[in-house]
Amino acid sequence: MPVTSPPTGPVEWVAITFPGPTLGTGVAAPLGQLVEAKTVRVLDAVVVHKATDGTVTEGELADETSAFDPVEGEVLELVSHADLRAVAERLANDTTTLVLVWENLWAAGFAGAPVDGSGA
């Protein structure tokens, strides 16, 4: 019998930039609502700081603030250091950026339809 896995929704990433040296927590509650409703599943989350002198540092979301604790998912380390460097190159100095990768659970059935032939 062939091994099958459950349908997987499309995966997307987003970089949300905040002014200053700290991560803005205003997006935590709306993101938490999406996770709780099983609309999305967080696969990776990384924070990039770009200091006033242009120095770039990376950090894990869990080390930044507890505001995002309800939304943290599996940390699959999908975002590479090269990806983060590319993001950082485009950032203004004295900013903090949250880089999120999530699975769109709402679209899992739709994404799996062509595979299982139910759309034919």
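Here this note's numbering is used: position 116 in the sequence shown is 116, and no number is missing along the way. Note that beta-carbon positions come from the ideal geometry of N, C-alpha and C, so glycine has one too. Remember, it's a predicted structure, so these values are computed and weren't measured experimentally.
Is Asn93 closer than 8 Å to Lys50 when the C-beta atoms are compared?
What you label residue 50 is simply residue 50 of the sequence shown in a count that begins at 1. What you label residue 93 is simply residue 93 of the sequence shown in a count that begins at 1. Contact: yes.
Where Arg85 sits in the DSSP three-state scheme
Stepping through the sequence shown from its first residue, residue 85 is reached at position 85. If DSSP states are grouped into helix, strand and coil, Arg85 belongs with the helices.
Straight-line CA distance for Ala88 to Thr25?
The residue given as residue 88 occupies position 88 in the sequence shown. The residue given as residue 25 occupies position 25 in the sequence shown. Between Ala88 and Thr25, the C-alpha separation is close to 20 Å.
DSSP beta-bridge partners of Asp44:
Taking the first residue of the sequence shown as 1, we reach residue 44 at position 44. The partner list for Asp44 (beta bridge, DSSP) reads Val101.
Among residues of its own chain, excluding the 5 on either side of Gly54, which ones have a beta-carbon nearer than 6 Å to its beta-carbon?
Position 54 of the sequence shown, counted from the first residue, corresponds to residue 54. Asn93.
When burial is assigned at 16 or more other CB atoms within 10 Å of the CB, is Gly9 buried or exposed?
Residue 9 sits at position 9 when you count from the first residue of the sequence shown. Gly9 should be labelled buried.
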